[in-house]
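Numbering (this note's numbering), first residue to last: 278 to 448.
All remarks here apply to the structure that follows.
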C-alpha cells in the first residue's frame, strides 16, 4: 500500500500521469477500480485516514520531509495532530497550534523554495486522494484558516507609524 501511495503522491510523476480533466492519476493501481467514486462530490473519508495518507506522502518527499521534521522538532506525531486540526472543517483559527500555523503557512503562502514546492504538492495530493470536488473544499478551508489567522495577526500588530512616533517622542 505504501508503494501505491508513493506512486500516487510522487510530486513530479503525479503531474505527468494526469490526462485531461481526470481527478486522479490514470496509472495509479490504488484508484483504478474506484475512479468514479473518488471523483464524485460525495466522497467520504475520515480525517484520520486522510491525514495518514498525507503524512505518508510528506514523509516520502525528501524536501518536505526535512522541513516538517525540522519545524516539528522531529515529532511526526505532532505533525499528524496538527494536520488533523487543519483538515477538520470544524476547526477555526483559534484552534491552531504554532506548528499548525507553520504548516498552513507552507500550504498557502508561496514563500521561499519550500512554499513553492509544498503548496502544489499538497493540493495535487488531495485531488489524487479524495477527488477534485472534495479537495477543492479542503483547500478552501485551509486557505480560509490562513486568511483568518493573517487578519487576526494584523489586528494584533502595532502599526508601524505608532512605533516611529513613540521613538521620536522619546528622543
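A virtual CB, placed ideally from N, CA and C, is assigned to each residue, including glycine.
Counting only runs of 4 or more residues that sit fully inside the stretch 330-384, the alpha helix (DSSP H) segments are 339-348, 353-364, in chain order. In this structure the stretch 391-401 does not touch the stretch 346-358; the number of beta carbon pairs closer than 8 angstroms is below three.
Excluding five sequence positions before and after residue 356, the CB atoms of its chain that fall closer than 8 angstroms to its own CB belong to 332, 335, 345, 349, 376, 380, given in chain order. With fewer than 16 neighbouring CB atoms inside 10 Å of its own CB, residue 369 falls in the exposed class. In the three-state reduction of the DSSP assignment, residue 413 falls in the helix class. At the C-beta level, residue 394 and residue 340 come within 8 angstroms of one another. Between the alpha carbons of residue 322 and residue 365 lies a distance of about 12 angstroms. The alpha carbon of residue 387 has as its nearest neighbour, out of 423, 360, 367, the alpha carbon of 423. Here the alpha carbons of residue 343 and residue 416 stand approximately 23 angstroms from one another.
By the neighbour-count criterion, in which a residue is buried when 16 or more other Cβ atoms sit within 10 angstroms of its Cβ, residue 426 is buried.
Annotated three-state conformation of residue 408 is coil, per DSSP. Between residue 338 and the set 405, 391, 413, the nearest pair of CA atoms involves 391.
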